Each structure stands twice: as C-alpha cells, then as structure tokens.
Amino acid sequence: MSNLYFWFFALLGGLLPYWSLYLEGQGFTYLQIATLMATIQLTKIVAPSVWGWLGDRSGQRVRLVRFGAITGSFFFAGVFLEPGFYGLLLVMLAFTFFWNAILPLYEVITLRTLGQRKEKYGKIRLWGSVGFIVAVGVVGAILEYVPIQSLPWLLLPVFAGIAVSAFLVPSEQGERKPPAPKGSLKAIVTHPAVIAFFLMNFLLQVSHGAYYTFFSIHLEQHGYGKLSIGLLWSLGVIAEIGLFLVMHRLSRRFSVRQIAIGALTLTMIRWVLIAEVTDVLAVLIFAQCLHAASYGALHALSVQYIQGFFGKHHHGQGQALYSGLTFGAGGALGAWMSGFLVDGFSTSAAFWGGAVAMLVAIVITWRGLRPPPAPAVQTEG
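Each residue of the sequence shown is one higher than the one before, counting from 1 in the working numbering.
If you want it as structure tokens, here you go:
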C-alpha cells in the first residue's frame with residue numbers, strides 16, 4: 001500500500017520546493033506566482049468532494065484513483081506548450097482537479113484495508129514522506145547543473161511512477177455503502193467541536209501559504225542554492241517521519257486538544273524564526289524540524305479525528321471536507337494573501353502573516369476543540 005504514497009508525495013517533492021522558482025524563471029510576477037501556486041490547493045475545494053461522493057456511492061475507489069492518475073498526468077503535459085499565464089492557469093486547474101482526487105480516496109482505501117490495525121497508518125503513510133525527500137534531493141541536485149526551465153521534464157518519471165502504482169493497487173469488490181441515517185451528515189458538520197476542528201485546520205493551511213509559495217524564493221534571496229533549498233525542505237519531512245513513528249505514543253499520553261495546541265504554538269514559533277532569522281543556518285534547521293508539529297502531528301491527528309466523528313457512513317465525505325476546506329480553501333487563500341504581502345512588503349512579511357493566523361487558531365482550539373466520540377458511537381455515523 002505504500003507505493004502510491006511514495007510516488008504521490010515524490011511529485012509534491014519535485015513540485016513544491018521548485019515550482020515557484022520555475023515560475024520566477026519564466027518571468028511571472030509575485031502575484032502571478034502566488035495565483036498559480038494557489039491552484040494546487042484551489043481545486044481541493046471541489047475535487048475531493050466530487051470524487052469522495054463518487055467513491056462512497058459506487059464503491060469503486062481504486063478505479064477512480066487510476067482514472068485520476070492517468071487524466072491528471074495527461075493535463076500536466078500542457079505545461080510543455082509554455083502557454084503563458086492564463087494558459088498555464090488553465091493547465092494547472094485541470095491537472096490538479098484530477099490529481100487531487102487521488103489522496104483522499106486512497107486514504108479511505110488504506111484505513112479500510114487496515115481495519116482494526118489503524119495504528120499502523122503512520123508507518124504506511126511515512127513512505128509518502130520518504131518519496132518527498134528522495135524527489136527533493138534528486139531534483140535539487142540535478143537543478144544545480146541544469147536550468148530551472150528543465151523542471152517539467154524532471155517530473156515525468158514521477159508521473160509514470162504514480163500511474164504504475166495506481167494500477168498495482170488491488171481492485172475492490174465495488175460494494176456500495178448502505179444509506180446513511182437521514183440528516184446525520186448535517187448533525188456532524190454542525191457539531192461545535194467539528195466546526196472548531198475545521199477552523200483550526202483552515203487557519204493552519206492559511207499560515208502555510210507563505211511556506212509553500214515563497215519559502216524557496218525567500219531562501220534564494222538570502223543566498224541559499226537550489227540543493228541547499230532542497231535539503232532544507234527535506235529536513236522538515238525527515239522530522240515529519242520521526243513524528244509519524246511516535247505519534248501513537250503521543251496519542252496515548254496527551255489529549256487531542258493538548259497535541260493540537262502544542263503543535264499550533266510550535267508552528268507559530270516556526271514562522272517567526274523563518275521570517276526573522278533566515279541567515280542563521282542553525283536556527284533555520286531548528287525551524288524546519290518544527291515541520292513535525294506543523295504538518296506531521298496535526299495531519300495524523302486529523303485523519304483519525306475525521307474517522308471518529310464521521311463514522312462509516314460519511315468517512316469519504318468527511319475526508320473530502322477536510323481536504324477541501326483546509327488544504328483547499330485555506331491553502332489557496334494563504335498562498336494568494338502571501339502574494340500580496342510579498343508584493344507589497346517582503347517575503348518575511350508573509351511569514352509574519354502566517355504567525356498571526358496561528359495565534360487565532362490557538363484561541364479557537366483552546367475554546368472549542370473536543371475529542372471525537374468513542375468507537376462504539378462511530379458506527380452510528
């Protein structure tokens with residue numbers, strides 16, 4: 001099950017650290033770069049809900065994953081036409097609409113396959129982090145010797161890996177889910193703790209807008225080379241892997257609320273350090289290690305939180321809402337807002353904006369986040 005995670009996140013590893021540098025090399029403005037980077041998150045608002053609903057209704061999640069992998073790769077090929085800003089915007093929107101279908105569907109497939117052994121999720125998911133690190137290192141090393149315009153060509157083998165892995169996933173029986181109790185989804189999404197959970201994650205992804213859009217440009221402005229930039233991105237993901245390996249122990253020792261507030265506080269500190277102490281490598285290394293909190297801890301907690309609240313009837317839709325409202329709406333808004341801050345002030349200002357978003361998230365989490373229902377309640381949806 002780990003193959004698809006490896007290749008899916010390998011594509012992110014080749015894309016996220018270097019795509020903004022590629023766009024800068026193509027002559028786009030900071031606002032145009034922010035808009036194009038936002039499309040990676042923007043289609044998550046709609047795509048996971050559409051594909052999640054299809055997966056829940058048909059039971060054919062594996063077929064949908066394969067379709068998304070092949071069709072997404074086809075649309076990405078439009079990049080090679082060098083279509084200009086608006087053409088590239090359309091290419092990115094089409095590519096990500098299908099590509100963003102893969103992960104939420106596959107998360108459901110993985111958790112259902114694991115059954116009662118859900119504590120093993122972290123060890124499977126960490127192979128995605130390994131794929132990210134490998135791609136970041138390999139692509140960064142190659143870009144030290146070839147121009148940044150070569151980036152799309154370097155991503156082609158990764159697309160092939162995603163397609164092959166999607167077809168290696170065993171087919172499902174295609175069982176359709178039983179009808180959910182009437183009004184049950186509305187009752188879940190209007191629960192105060194669920195609202196607090198989504199607001200927390202929305203603000204978390206708003207704060208990551210500067211990181212995913214301008215971190216590489218920020219480092220380049222401070223004299224770091226492409227390989228160094230790639231290694232710093234990788235360091236964050238290595239810390240994330242370490243977190244995934246011990247998350248089950250943290251979950252036993254601390255409450256959901258304690259883990260969330262601790263992770264949000266460390267994330268706020270991380271953005272301040274990146275904004276103000278970029279030139280001090282030791283501090284920057286420490287800040288990147290905090291990725292274990294800002295992504296690893298909160299994502300692992302969130303996947304289990306969704307399963308706890310949404311149950312068997314709405315698991316796919318819950319995962320889609322999580323992806324759409326947080327990574328989608330939050331990530332896109334964060335990327336776009338960071339573009340205005342960078343264009344009007346500096347890259348440091350964008351990271352300060354992320355720190356402010358974290359302060360608001362801490363208050364909301366402190367006041368509203370509660371643990372999900374016990375397993376006996378989960379089956380009721």
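Using N, Cα and C, we set each Cβ at its ideal position, and we do this for glycine too. All figures in this text were calculated on a predicted structure; none of them were measured in a lab.
Could you give the first and the last residue of the continuous alpha helix (DSSP H) run that contains residue i?
i	result
residue 354	347-368
residue 75	61-76
residue 276	256-276
residue 342	331-344
residue 10	2-25
residue 56	47-58
residue 87	84-99
residue 35	30-42
residue 163	151-168
residue 212	209-221
residue 287	281-289
To the nearest angstrom, report how far apart residue i and residue j are at their CA atoms.
i	j	result
residue 123	residue 344	43 angstroms
residue 335	residue 206	7 angstroms
residue 182	residue 128	Model confidence at residue 182 stands at a pLDDT of 47, short of 50, so the residue's coordinates are unreliable; what they give is reported in the following sentence. Looking at the two C-alpha atoms, the distance is approximately 37 angstroms.
residue 330	residue 142	32 angstroms
residue 62	residue 216	35 angstroms
residue 108	residue 13	23 angstroms
residue 37	residue 43	11 angstroms
residue 84	residue 170	40 angstroms
residue 210	residue 110	31 angstroms
residue 341	residue 350	5 angstroms
residue 59	residue 103	16 angstroms
residue 155	residue 274	28 angstroms
residue 77	residue 67	16 angstroms
residue 357	residue 204	7 angstroms
residue 302	residue 201	9 angstroms
residue 70	residue 367	44 angstroms
residue 360	residue 195	14 angstroms
residue 213	residue 355	16 angstroms
residue 151	residue 134	15 angstroms
residue 242	residue 34	31 angstroms
residue 95	residue 72	5 angstroms
residue 126	residue 220	28 angstroms
residue 138	residue 193	42 angstroms
residue 269	residue 262	11 angstroms
residue 16	residue 250	29 angstroms
residue 234	residue 41	21 angstroms
residue 229	residue 285	11 angstroms
Please work out which residues of its chain come closer than 7 angstroms, Cβ to Cβ, to residue i, disregarding the five sequence neighbours upstream and downstream, and give them in chain order.
i	result
residue 106	4 and 65
residue 26	none
residue 55	61, 64, 105, 108 and 316
residue 161	7 and 10
residue 163	69, 70 and 73
residue 2	124 and 127
Evaluate residue i with the Cβ neighbour count: other Cβ atoms within 10 Å of its Cβ, from every protein chain shown; 16 or more gives buried, anything less gives exposed.
i	result
residue 279	exposed
residue 282	exposed
residue 255	exposed
residue 39	buried
residue 53	exposed
residue 222	exposed
residue 326	buried
residue 80	exposed
residue 295	buried
residue 74	exposed
residue 365	buried
residue 379	Reliability of the predicted coordinates at residue 379 is poor, the pLDDT of 36 falling under 50, and the value obtained from them is presented with this limitation in mind. Residue 379 should be labelled exposed.
residue 146	exposed
residue 153	exposed
residue 18	buried
residue 353	buried
residue 264	buried
residue 322	buried
Can you find the residues in the same chain that come closer than 8 angstroms, C-beta to C-beta, to residue i, ignoring five residues on each side of it along the sequence?
i	result
residue 144	225, 226 and 227
residue 376	Residue confidence for residue 376 is low, a pLDDT of 37 falling below 50, so the modelled location carries little weight; the figure read from the coordinates is stated next. Nothing listed; no residue qualifies.
residue 89	35, 36 and 39
residue 272	351, 352 and 355
residue 362	261, 264, 265 and 268
Can you name, in chain order, every residue of its own chain whose Cβ lies under 6 angstroms from the Cβ of residue i, other than the five neighbours on each side?
i	result
residue 218	347
residue 239	289, 291 and 292
residue 277	283
residue 31	339 and 343
residue 257	369
residue 21	148 and 216
residue 47	97, 100 and 101
residue 324	44, 45, 48 and 49
Given 7 angstroms as the limit, tell me if residue i has its C-beta closer than that to any heavy atom belonging to the ligand ATP.
i	result
residue 338	Because no ligand of any kind appears in the structure shown, any question about the ligand ATP cannot be addressed here.
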